[in-house]
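Residue numbers (UniProt numbering), protein chains in the order written: chain A, 1 to 208; chain B, 1 to 208; chain C, 1 to 208; chain D, 1 to 208; chain E, 1 to 208; chain F, 1 to 208; chain G, 1 to 208; chain H, 1 to 208.
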């Protein structure tokens, strides 16, 4: 009766980055800004590292919502970029859905700002159309824990899988032996504690 | 097996404001009073803005529970107003149910004080009668996070959708192009960070 | 597919107070002790007020777990009192189950210390035997929020309804007109904010 | 050896509102935005109500820091308004100091964004020049509680008095009989709980 | 250079209970209401137990601020009771100061609502007149931790001693042998954990 | 429709300790390190006490992840110890799965670091293969509450039971009479409050 | 004008452990019990390690306050042990003061339960008599952060130095070269993160 | 009687970075690791930007404490680097003190790990020798808020000024006109909210 294990597979997955815009980010107050910036970039670097097709979309970027954060543009210069003219739910935009379908993937990884709107709406729409959807909770932000918890509940009840960017990277990588240095670099760049472990490990003198 | 996407539609929805009374509000301690007042008025302004039929109800307003907060009365002078003579669950009051049915809507948006009683009871009753019910969690308040979490769990398990007022407004609006200024004004009046974005945007001098 | 509205009914309900013992209470750290003491007594007073059959049980009360808190003994001098010789899950004690069955009720209201053991175990057992079970979350306590959240999740997944004592009292009472003074006194004795509302209301001089 | 009671007196006090700008406000994360907006406007309304000379100043308002929040401009259309061309410490700006001196007041009430810079710097400078300085802590904001606590410690050690806007209003008013309705309106507009007390009080029917 | 040990002495101390009124209590949000009610009554019971002269005062008790909480009236039926006609700082009321002077005590214990006004103002005034002042911090309440911290800083900088009701009771009692049962009863009535210790202690069976 | 009561039984259960390594532990920030160390050792001592087959596994222990914490090695010198060469999900390692199957148990108790990876992945895999899985939430740790909550939601939705080590020990023990001293010692060693209860109980002098 | 650097010196310091009794510990709720137990033992081990004269004292240990925690008795079998017959302030007990004076030390390190009484009272008394006093804040506990903060403020204002046990150990040790293994063992036993650093360091294989 | 305004001046100030080592950083739990890493690098970049003489020092970097974090080494390749052979208080190391004196500066800016030891000890020693000392509180870390608060109290009582890195940068810069781009870049690199303001500002299209 419960959900079977839907496991992320790098050949089956695409990433949707929804509305990480300079203005909208000032609304995010359920995660500290230093941590949130790091999480978003960690997800983006993960998408890049695993070679996942990635789609960028924004809402009204010429108005107060502001431009997409420059780092995302730079990381994905070739990615489909859908500047939506008005649809709040990205799934209501035909170009966006077409871009998703063009990836041919059935596992959708979604993050965005704010959680209960820019994330939840396309998540619910995609589930309805039969996709397996994975929400990157720590690369998605909103006004406060109360609105976050309500949004998580709505998405989880609909069958979305709640993940962290770290869980996502580990599930995609499967085995350290596939590339120790690459995964280590990803973690070192985005997890200060892990970077310190590596620094200490590398610095340890010969002990015998 | 999971809940399909029940999407709010402004032609199908009605709003129930339950027991936002001056006395009962002193019981609300799971949300800061400045924020809570703002959220309740934001929901009310949203109902007004989208032209949703709205029903007001109170419990024992001549006693310690106190009168309905004046702003709600003023916003909805024509709304059905059911001062319940004693029923704690508004759905036990025939006039209230009649007013709900008279709207002809199948999507009910509910907020009130306190969450585990004035909200949860009619929510559970309405679900039982086949309505799709959306709880505006941040315009509903109660004694503390513990009682709130229990109430959310009970309602969610019964199939209620947990929303924020902002998520609700966005889901109802669908597309900014339906009315950019109207939605912008709603957000500017109730989200200080959004107001600041607009102020900065409008103040930016010609840069070329 | 979701849980139907199981509504507490004072003719169908019994209360189980499990292991509120002086020693075990020192383990409770997920609720402030002043608030917890009040919540437990509020539940007890509610059980008394609504005339619900109530069963008391303790675990090893002659050892470090300590005696049942004296107030509960005094409130329910005639109640079945099962001092379990060793069973941790009260439902493993035949006398306890017999006492429950003797009430003839199908709705069981459970509170106790600590939540993931003394509450969760009989709750899960009772659900398995077909009872409708209501957990009074704020009259149950445990080591910290982490262990509480895990316990709530386990019970909720099994179909238990999570309640507060206030929600329980309101659902049982149904209509203020059944006894305004009685319910008002119950609230005044256990909700300082409500008591203040009454004090202010009663003190207000004639204004015309 | 300790600080004597420096008591605010409405004939001796002036208010300095420092850098409450639309852009800078997005940096404030030690107070919830709904509450912070309310506190700033409450201080402004208090200044207005008590007729205190008020000075507005901004830093680089044509750049990313953004314009002064419009409400403050509207409340004090005649106030000295010093748009500083670059000085971070407002006290380094001769026009600002001149405006302060022109008030002829010896008690300076200061609030601003962010606390450890725009507030602390002029506070420390003014104390050095012999002023009695009162910091309105809840109408001043900064990055997080850690930077706030450090800033408070530095200002308090230098002899600044830490106040809330409510404490300030009460100390200035001295006696309700000076104007019951005026002070009541100030509180009703900025303290939801107080507004509710008034609503309940006014609504109470004749009881004899 | 530092403050010498000012030690409370039951022959030298008087207690001032300032504005614990049913309406004003709804403003107190820096302490949970169950705990706050308990702390205020614990202070009152301590004053009674040690036979300290106690003075009650209220502000505008016929208006929204509401009546003094009934328990305090009942505990101190003979105490000077100054219903101030309008002075916000109780020390501005001649009758209040006269009542304080009439006690002939030099150590003043102060608690009230709200901390930065009803407590801080008379505290600062009394220090200025040479009294040793002890603030019962946990029987005083205000809007939130931010305004509390600012108020504590202001009072502490002026030389007030910050106490808890428990610290106060212990400093006054000096030696358990002066009355074991009396002090034990005071603690048992107001500290659930202590009550449980006593219950367990008394219930322990003969072990040899 | 809800999960039936899956009850831990000491004859049916095995314990999997996944990646409690000295380096990885520096990543755990959702539980205080003193408490977390205690919880992990409490789980290990419980496994030992109930004689449950226990399997240890590590990931890359020669690199920055560091060695298994020495206490676990010492407690289970004979346990299967699978130092995985690279698989992140322990269930992807054939030796690990073989070791699990060799126990012949159908109830798997899992704890590890970090929760959303080293715990969640084998939990989901084991459920898929038909095991009943019990997660020891307080002996599992991760980066912060946000990533923990997402991981719990994913596991709970898949049918895992969320437990504390204390709940687990109590459910396995069933009846104090099976061994009072043994269980008492387990609790005394890992629950300071319980140890104090025992100390006080034992120290209580003959009272008659 | 400020306090000069009073630096702990192992030849000048004595340790006072005040009322760490099994019953009283149930009152401590401002620190998690696992952490608090560790901190108290870490202070005790530090006292032992540095060979500081240590004095134990208890209040009413035959009553509900309970016996001294057994670990302290075992660590200091030869230490002066003053079971006070009733004095709440240990400094009021002549034997205790005599024991302090007999150490011949001028730096007193104090920890105890509860902070505002058993710690603060002898701290204030000792300062008055000219001792330099160091409070081990994290080996002292009380009801909640509010009462702790008030107690810290009172002691700090009187000139006490607020320390952690770790700061104390480091200030006493001065130089790692005095005994690397000894200090390392002390830290490894009481700081899980430090133990992990050592485990990882020792386990690191030869890297060249 | 209070501290005069000691104002940072870039010609008078030097920066001491004490023990930011890869191993010790795992002990820091009073600040989130993403934020802490950012704060330390922000302080380092500020020191670089303002051309302040900077001194690096470490404790036992060949042991478990680990190496200095690589970024600091890279930023200050020419800085005095004192790898202390054992002294815990850096001021006990003659080379360190000589390096400080060689700067010829009288204002010392100090940050390090952990706050109550590596920061507090040299801070107290430097004050004793007549330096003006500024603690960068948010680039210093320790075990938990409790030990941090005690350390801050000790340093503040001795006359240290508590700062944030942002306050420090602003006080050193004095006037935006000294270098708008440079300061803007510093903020953009270390304050995500500020970077977003700049992104939005730059992206705003011509509006007329």
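In this text, a Cβ means the ideal position worked out from N, Cα and C, and glycines have one as well.
Just so we're clear, the structure is a prediction, and the values are computed from it rather than from any experiment.
Find the nearest neighbour of residue i within the set the options, judged by alpha-carbon distance.
i, options, result
"residue 162/H", "200/H, 64/H, 110/H and 187/H", "110/H"
"residue 150/B", "136/C, 145/C, 101/C and 154/C", "136/C"
"residue 50/D", "155/D, 179/D, 191/D and 190/D", "179/D"
"residue 143/D", "185/D, 25/D and 173/D", "25/D"
"residue 188/H", "45/H, 138/H and 175/H", "45/H"
"residue 56/A", "62/A, 64/A and 73/A", "73/A"
"residue 119/A", "20/A, 69/A and 4/A", "20/A"
Residue i and residue j: beta carbons closer than 8 Å?
i, j, result
"residue 140/A", "residue 22/H", "no"
"residue 194/E", "residue 27/G", "yes"
"residue 98/A", "residue 66/H", "no"
"residue 30/C", "residue 148/C", "yes"
"residue 112/H", "residue 17/H", "yes"
"residue 174/G", "residue 88/H", "yes"
"residue 75/A", "residue 190/A", "no"
"residue 146/H", "residue 92/G", "no"
"residue 117/B", "residue 170/C", "yes"
"residue 165/E", "residue 43/E", "yes"
"residue 38/B", "residue 34/D", "yes"
Is DSSP giving residue i helix, strand or coil here?
i, result
"residue 11/F", "coil"
"residue 62/D", "coil"
"residue 167/F", "helix"
"residue 55/C", "strand"
"residue 190/E", "helix"
"residue 179/G", "coil"
"residue 184/H", "helix"
Quick check: the Cα distance between residue i and residue j, rounded to an integer number of angstroms?
i, j, result
"residue 94/F", "residue 85/F", "11 Å"
"residue 36/C", "residue 114/B", "20 Å"
"residue 127/B", "residue 58/B", "21 Å"
"residue 53/C", "residue 47/C", "8 Å"
"residue 121/A", "residue 153/A", "13 Å"
"residue 182/G", "residue 13/G", "19 Å"
"residue 83/C", "residue 71/C", "16 Å"
inquiry  = Could you tell me which whole alpha helix (DSSP H) segments of length 4 or greater appear in the segment 20-51 of chain B?
reply    = 33-49
Length-filtered (4 minimum) alpha helix (DSSP H) runs lying within the segment 66-134 of chain H = 70-75, 94-103 and 120-128
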